[in-house]
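K.L.:
2 protein chains.
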Amino acid sequence: MNYYAGIDLGGTKIYGIIINESGEILARDKIKVGENKEIESVIELIEKCYKNALDKSGLKESDIKTIGIAVPSAVNVESGILLNAPNLGWKDVKIGLMLKERLGKPVYTDNDVNMGTFGEYSFGKAKNHKNLYGIFAGTGVGGGYISGGKLERGIGFTAGEVGHLTVKIDGPRCNCGNNGCLEAIAGKIGIINYLKKKVDIKGKQTLLDAISPEWRNGIGSSALRKAIQGKDKLVIKAVNKSAIAIGIACAGIINLIGVDAIIVGGGIIEEMADIYMPIIKSTIKKYSIAGGSDNVEIIQSELGDDAVALGAAWSATRPENIKYLIK
Amino acid sequence: MNYYAGIDLGGTKIYGIIINESGEILARDKIKVGENKEIESVIELIEKCYKNALDKSGLKESDIKTIGIAVPSAVNVESGILLNAPNLGWKDVKIGLMLKERLGKPVYTDNDVNMGTFGEYSFGKAKNHKNLYGIFAGTGVGGGYISGGKLERGIGFTAGEVGHLTVKIDGPRCNCGNNGCLEAIAGKIGIINYLKKKVDIKGKQTLLDAISPEWRNGIGSSALRKAIQGKDKLVIKAVNKSAIAIGIACAGIINLIGVDAIIVGGGIIEEMADIYMPIIKSTIKKYSIAGGSDNVEIIQSELGDDAVALGAAWSATRPENIKYLIK
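Residue numbers (our numbering), protein chains in the order written: chain L, 1 to 327; chain W, 328 to 654.
1. Given this structure, state the Cα-to-Cα distance separating residue 176(L) from residue 164(L), to the nearest angstrom.
2. Could you run through the segment 136 to 167 of chain L and flag, in chain order, every residue whose CB is less than 7 Å away from some CB of chain W?
3. Spatial neighbours of residue 87(L) within its chain, please: CB distance less than 6 Å, with the 5 preceding and 5 following residues excluded, ordered by chain position.
4. Using only the alpha-carbon positions, how far apart do residue 449(W) and residue 456(W) sit?
5. Helix, strand or coil: how does DSSP classify residue 624(W) here?
6. Please report the distance separating the alpha-carbon of residue 405(W) from that of residue 395(W).
7. What does DSSP give as the partner residue(s) for residue 420(W) in the beta ladder?
8. Please report how far the alpha carbon of residue 45(L) lies from the alpha carbon of residue 70(L), in whole angstroms.
9. Is residue 181(L) helix, strand or coil when you go by DSSP?
10. Grab me the residues of residue 96(L)'s own chain with a C-beta within less than 8 Å of its C-beta, minus the 5 sequence neighbours each way, in chain order.
11. Among the candidates 335(W), 509(W) and 544(W), whose CA atom is the shortest distance from the CA of residue 575(W)?
12. From what residue to what residue does the beta strand (DSSP E) around residue 28(L) run?
13. Could you tell me whether any Cβ in chain W is nearer than 7 Å to the Cβ of residue 4(L)?
14. Going by DSSP, what residues sit across from residue 6(L) in a beta bridge?
15. Between the segment 341 to 357 of chain W and the segment 141 to 153 of chain L, do at least 3 Cβ pairs fall closer than 8 Å?
16. Is it buried or exposed, residue 173(L), if we count other Cβ atoms within 10 angstroms and call 16 or more buried?
17. Taking the alpha-carbon of residue 242(L) as reference, which of 270(L), 310(L) and 190(L) has the nearest alpha-carbon?
18. The beta strand (DSSP E) spanning residue 111(L) covers which residue range?
19. Which class does residue 427(W) belong to by DSSP, given the choice of helix, strand or coil?
20. Taking only three categories from DSSP, how would you classify residue 269(L)?
21. For a contact defined as C-beta to C-beta under 7 Å, what are the partners of residue 308(L) on chain W?
22. Let me see if you follow: with CB-CB separation under 7 Å, is residue 583(W) close to chain L or not?
23. Any contact of the segment 523 to 535 of chain W with the segment 598 to 605 of chain W, i.e. 3+ C-beta pairs under 8 Å?
24. Ordered along the chain, which non-local residues of its own chain (more than five positions away) have a Cβ less than 6 Å from that of residue 418(W)?
25. Could you tell me if residue 304(L) is buried or exposed, where buried requires 16 or more neighbouring beta carbons within 10 angstroms of its beta carbon?
26. Among 206(L), 194(L) and 263(L), which residue has its Cα nearest to the Cα of residue 116(L)?
27. What residues from the segment 409 to 428 of chain W come within 8 Å of chain L, judged by C-beta to C-beta, listed N to C?
28. Are residue 208(L) and residue 227(L) closer than 7 Å when you measure CB to CB?
29. Ignore the nearest five residues each way along the sequence and tell me which others in residue 507(W)'s own chain have a CB closer than 8 Å to its CB.
30. Whose C-beta lies closer than 6 Å to the C-beta of residue 232(L) among residues of the same chain, with five residues either side of it excluded?
31. Given a cut-off of 7 Å, decide if residue 478(W) and residue 441(W) are closer than it, judged by their beta-carbon atoms.
32. Nearest chain L C-beta to residue 618(W) closer than 7 Å, yes or no?
33. Within the 7 Å Cβ cut-off, does residue 169(L) reach chain W?
34. Note down, in chain order, every chain L residue with its Cβ under 7 Å from the Cβ of residue 575(W).
35. For residue 133(L), which residues from the same chain have a beta carbon less than 7 Å from its beta carbon, with the 5 sequence-adjacent residues on both sides left out?
36. By how many angstroms is the C-alpha of residue 385(W) removed from the C-alpha of residue 485(W)?
The structure is reproduced here in structure tokens:
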């Protein structure tokens with residue numbers, strides 16, 4: 001039996017898994033990334049996470065054939081170069097090569113949300129939908145596109161960047177510098193900006209001042225849920241706008257390219273699925289032309305934290321990706 | 328040598344061509360569709376157009392192997408059924424079968440803009456771009472998607488419906504019933520609606536009252552150009568908004584799926600390419616994330632009226648479409 005490792009590198013945590021050749025997860029490990037995000041230090045943490053997971057699996061190092069790493073950045077998968085990860089403050093980092101040299105295994109590198117979508121396609125509820133789009137909403141919004149059963153990266157490695165689909169010309173400012181991106185309305189970034197405008201400029205009230213006083217600097221999905229349970233009108237409206245915008249983006253995907261299925265997930269949707277999913281589904285139906293969504297499955301992700309690391313580990317084993325392994 | 332016919336059925340005209348097996352056009356014919364759009368009458372006109380083109384080509388009926396027909400509607404290509412063509416007032420018409428019975432040849436039926444995109448892919452400047460999106464702007468806005476060298480129709484046969492991509496939540500009303508569709512801003516429909524709002528409600532002035540007094544009911548692209556040449560501020564602004572919206576939709580496509588090339592065409596872009604193309608290109612650059620458009624070719628269509636009929640004629644000959652011929 002062959003075994004493989006998968007690593008999900010985020011701005012605040014590293015999540016590592018070991019799988020067997022059926023894709024079953026044998027062990028997991030999670031390590032926090034602190035304030036120190038220097039490349040050398042983070043690479044050391046990745047090694048630690050990998051070795052912890054390996055120890056827990058009971059396997060030897062020589063049992064592991066390949067390592068897949070998912071990073072929060074567009075990636076040149078051919079060269080294993082992370083192009084730009086604002087959450088880490090990294091640009092043009094040869095992470096594939098660095099890990100290969102550190103860990104002594106062939107390394108495959110790709111974008112985290114691409115890998116999450118591929119994980120869902122390979123092992124989740126979206127299995128066997130060969131034309132699939134994944135949309136994941138948390139602080140920002142990311143996605144991935146499976147076309148004909150293969151991950152489509154795009155000529156500039158930016159396919160899947162649904163967070164920067166313009167859904168509202170002249171809409172709210174996005175961190176990318178443009179206005180009206182999906183992320184600027186539907187991500188927690190967008191929700192916070194909406195609340196700031198209403199509270200700080202228009203003088204409206206929100207329960208978040210009590211639930212999570214530092215909400216302007218970032219907020220947990222569970223705090224949003226609590227505010228909604230407390231009937232906070234502003235938060236209800238902001239989350240409603242977020243869900244509608246996601247539904248509109250999904251309908252846009254159906255109108256543009258006609259996928260078989262869309263899988264949605266990520267922190268805010270997982271936490272508030274009972275609110276998000278009905279709005280997303282009804283919005284898709286309304287905005288898809290000529291019944292185009294009637295046969296499209298709208299699936300809620302259930303792999304959670306495993307999706308990205310699993311997608312990364314599995315991708316490194318796929319025949320179509322062997323040419324991308326840094327050996 | 329084998330020969331094939333292609334028909335482009337529109338709401339106001341029928342355009343027919345005869346091609347040889349290299350895709351060279353041997354003859355063309357064009358017939359107006361008048362007020363009478365009853366199915367039987369229009370089928371007669373199609374037959375006439377086909378036979379006129381055949382006469383001009385100097386070929387015999389027995390030389391023609393197949394007929395491809397493009398219609399202004401979503402199409403179930405498997406059954407050759409036109410689903411809904413508001414320009415003709417037709418719904419659920421078995422046009423493939425009717426033409427096959429009338430003309431005695433195997434018939435392939437598909438959407439007109441899909442066929443235009445496929446024509447451009449097969450013979451135009453977009454040749455060899457295996458991941459290609461086509462956007463065509465006239466009265467409305469339509470498109471087509473070539474994925475991996477094949478036309479992608481989508482599970483509900485609605486792929487390519489870029490005209491109904493929402494680019495402005497809560498934006499102008501579209502004929503489809505939703506708000507903020509690309510078509511409602513970028514098509515002539517959208518341009519006219521903008522002008523009506525400014526002239527009829529806000530009391531502003533436009534040269535169109537002199538150039539084309541019936542502009543509220545429809546307008547030629549050349550009249551728009553004349554108004555711009557006369558420095559009509561309203562028309563300049565409306566066309567500018569149209570071009571920006573098309574650029575934003577193109578950037579959206581690049582961010583979502585990362586195509587190799589986008590081909591743009593259609594009446595208003597062909598007539599005002601010097602205005603449209605620079606705005607479209609600069610908007611794409613601004614709205615594409617992380618340099619995603621740097622290697623994407625933005626191509627202006629040059630096949631003009633031939634594109635759709637050529638795409639239809641050629642599609643009927645493709646191995647992947649033989650199963651869709653109504654025999």
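Every residue gets a Cβ at the ideal spot worked out from N, C-alpha and C, and that includes glycine.
P.N.:
Quick look at the numbers:
1. Walking along the first sequence from the start, residue 176(L) turns up at place 176. Walking along the first sequence from the start, residue 164(L) turns up at place 164. Each residue's Cα considered, the two are about 8 Å apart.
2. Within the segment 136 to 167 of chain L, the residues whose Cβ lies closer than 7 Å to some Cβ of chain W are 145, 147, 148, 152, 153, 154, 155, 156, 158, 159, 161, 162, 164, 165, 166 and 167, listed in chain order.
3. Along the first sequence, one-based indexing puts residue 87(L) at 87. The residues are 11 and 72.
4. Position 122 of the second sequence, counted from the first residue, corresponds to residue 449(W). Position 129 of the second sequence, counted from the first residue, corresponds to residue 456(W). Computed Cα separation, rounded: 9 Å.
5. Position 297 of the second sequence, counting from 1, holds the residue named residue 624(W). In the structure shown, residue 624(W) sits in a strand (DSSP, three-state: E or B).
6. On the second sequence, position 78 is the one that residue 405(W) refers to. On the second sequence, position 68 is the one that residue 395(W) refers to. Each residue's Cα considered, the two are about 13 Å apart.
7. Position 93 of the second sequence, counting from 1, holds the residue named residue 420(W). According to DSSP, which records beta bridges pairwise, residue 420(W) is partnered with 409(W).
8. Position 45 of the first sequence, counted from the first residue, corresponds to residue 45(L). Position 70 of the first sequence, counted from the first residue, corresponds to residue 70(L). If you take the alpha carbons of residue 45(L) and residue 70(L), they lie about 15 Å apart.
9. For this step, residue 181(L) is matched to residue 181 along the first sequence. Note: residue 181(L) maps to strand in three-state DSSP.
10. Residue mapping note: residue 96(L) aligns to position 96 of the first sequence, counting from 1. Hits under 8 Å: 69, 79, 80, 81, 107, 108, 109 and 326.
11. Start at 1 with the first residue of the second sequence, and residue 575(W) comes out as number 248. Ranking the options by Cα distance to residue 575(W), first place goes to 509(W).
12. For the purposes of this step, residue 28(L) is taken as residue 28 along the first sequence, with counting starting at 1. 25 to 32 is the span of the beta strand (DSSP E), which, as asked, contains residue 28(L).
13. Within the first sequence, the letter at position 4 stands for residue 4(L). Output row for residue 4(L): interface = no.
14. Against the first sequence, residue 6(L) aligns to sequence position 6. Beta-bridge pairing links residue 6(L) to 17(L) and 68(L).
15. no
16. Numbered from its first residue, the first sequence carries residue 173(L) at position 173. Classification for residue 173(L): exposed.
17. By 1-based counting over the first sequence, the position of residue 242(L) is 242. The candidate whose alpha carbon is nearest that of residue 242(L) is 190(L).
18. For the purposes of this step, residue 111(L) is identified with residue 111 of the first sequence, where counting begins at 1. It spans 107 to 111 - the beta strand (DSSP E) in which residue 111(L) sits, taken as one unbroken run.
19. Reading the second sequence from its first residue, position 100 is the one you call residue 427(W). Note: residue 427(W) maps to helix in three-state DSSP.
20. Position 269 of the first sequence, counting from 1, holds the residue named residue 269(L). Of the three classes helix, strand and coil, the one that applies to residue 269(L) here is helix, per DSSP.
21. Position 308 of the first sequence, counted from the first residue, corresponds to residue 308(L). Within 7 Å Cβ-Cβ: nothing; residue 308(L) doesn't reach chain W, min ~19 Å.
22. Taking the second sequence and counting its residues from 1, the one referred to as residue 583(W) is at position 256. Taking Cβ atoms only, chain L reaches closer than 7 Å to residue 583(W), which makes this a yes.
23. no
24. Numbered from 1 along the second sequence, position 91 holds the residue referred to as residue 418(W). Here the set comprises 411.
25. Mapped onto the first sequence, residue 304(L) falls at position 304. Residue 304(L) comes out exposed.
26. The residue you call residue 116(L) lines up with position 116 of the first sequence. Nearest of 206(L), 194(L) and 263(L) to residue 116(L), Cα basis: 263(L).
27. 410 and 411
28. The count along the first sequence starts at 1 and reaches residue 208(L) at position 208. The count along the first sequence starts at 1 and reaches residue 227(L) at position 227. It is a contact, given that the beta carbons lie within the stated cut-off.
29. For the purposes of this step, residue 507(W) is identified with residue 180 of the second sequence, where counting begins at 1. Here the set comprises 493, 494, 495, 496, 497, 498, 499 and 501.
30. In the first sequence, counting from the first residue as 1, residue 232(L) sits at position 232. The answer, listed in chain order, is 206 and 207.
31. Residue mapping note: residue 441(W) aligns to position 114 of the second sequence, counting from 1. Residue mapping note: residue 478(W) aligns to position 151 of the second sequence, counting from 1. Yes. Within cutoff.
32. Residue numbering aside, residue 618(W) sits at position 291 when the second sequence is read from its first letter. Interface residue, yes.
33. Translated into the one-based positions of the first sequence, residue 169(L) becomes position 169. Yes, contact with chain W.
34. Along the second sequence, read from residue 1 onward, the residue named residue 575(W) stands at position 248. Around residue 575(W), the beta-carbon contacts reaching into chain L at under 7 Å are 166 and 169.
35. The residue labelled residue 133(L) in the question sits at position 133 within the first sequence. Counting only Cβ-Cβ distances below 7 Å, and skipping sequence neighbours, we find 143, 145, 253, 259 and 262.
36. Counted from its first residue, the second sequence places residue 485(W) at position 158. Counted from its first residue, the second sequence places residue 385(W) at position 58. If you take the alpha carbons of residue 485(W) and residue 385(W), they lie about 38 Å apart.
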